[in-house]
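Structure record follows, encoded as structure tokens.
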Amino acid sequence: MARYIDEILQPGEKVLYSTNAHWIFYLPAIVAWVVALVLVAASVSFPPIAVIGLPAAAVIAVVALYFTVKGWFHRLTTETDVTDRRVVHKTGFIKRRTFEIALDKIESVDVEQTILGRIFNYGDVTIMGVGEGRQTISTIASPLAFRSAITAR
């Protein structure tokens, strides 16, 4: 699957910075996999709870698989790029949502990070454009580097 940015680049336009959705989207899957493994280990260690523990682990493993595929697909179908002319953000596969803002039309770039966001280097970036409104990109990796790529001209 070709990258969206490669399909829409104008002649002479160069990609300066690319980022993606942060790996934190996998957190529900990680938690579910850990719970499933703990249930399997407990069922093997204490056979009386195996009657309940193994079926529960199987159900939780299916839920974990769902969250894993969901997070992977979200990361696969989300692109955020800064070129020498514009900012391009695309998300979705069948139902696609994109926006582009010319660099000379950007008024300000705000970064919002929680404590966990600062620790794990993810956050939300809001781009305010002149006459183009406000666009927010949620939970992207390295939001400060992304902002620097936009503002450093």
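Position one of the sequence shown corresponds to residue -5 (the numbering used here), numbered consecutively onward. From the three backbone atoms N, C-alpha and C, an ideal C-beta is built for every residue, glycine too.
Going along the chain, which residues of its own chain have a beta-carbon closer than 6 Å to the beta-carbon of residue i, five neighbours each way excluded?
i, result
"V28", "none"
"Y116", "H16, I18, T133, A135"
"T85", "T72, R91"
Let's see if you can read the secondary structure: which residues bound the alpha helix (DSSP H) around residue i?
i, result
"K64", "44 to 70"
"F140", "137 to 145"
"L110", "109 to 114"
Quick one: grab the DSSP three-state call for residue i.
i, result
"V124", "coil"
"R(-3)", "coil"
"K8", "coil"
"I2", "helix"
Use the C-beta contact count for residue i: other C-beta atoms within 10 angstroms, 16 or more gives buried, fewer gives exposed.
i, result
"T74", "buried"
"I95", "buried"
"I121", "buried"
"F19", "buried"
"A143", "buried"
"I109", "exposed"
"V56", "exposed"
Following the continuous beta strand (DSSP E) through residue i, name the residue where it begins and the one where it ends.
i, result
"F19", "Where F19 is concerned, there is no enclosing beta strand (DSSP E), given that its DSSP letter is neither H nor E."
"F93", "91 to 96"
"I100", "100 to 106"
"D75", "73 to 77"
Can you name, in chain order, every residue of its own chain whose Cβ lies under 7 Å from the Cβ of residue i, other than the five neighbours on each side?
i, result
"T13", "T74, I134, A135, S136, F140"
"P22", "F61"
"V9", "I(-1), D75, T77"
"F40", "none"
Considering only residues of the same chain and omitting the five flanking positions on each side of residue i, which have a CB-CB separation below 8 Å?
i, result
"R79", "Q4, E7, A96, L97"
Segment contact, 8 Å Cβ cut-off, at least three pairs: the segment 94 to 111 with the segment 25 to 45: The segment 94 to 111 vs the segment 25 to 45: no contact.
Contact between the segment 31 to 38 and the segment 117 to 136 (3+ Cβ pairs under 8 Å): Cβ pair count under 8 Å is below three, so no.
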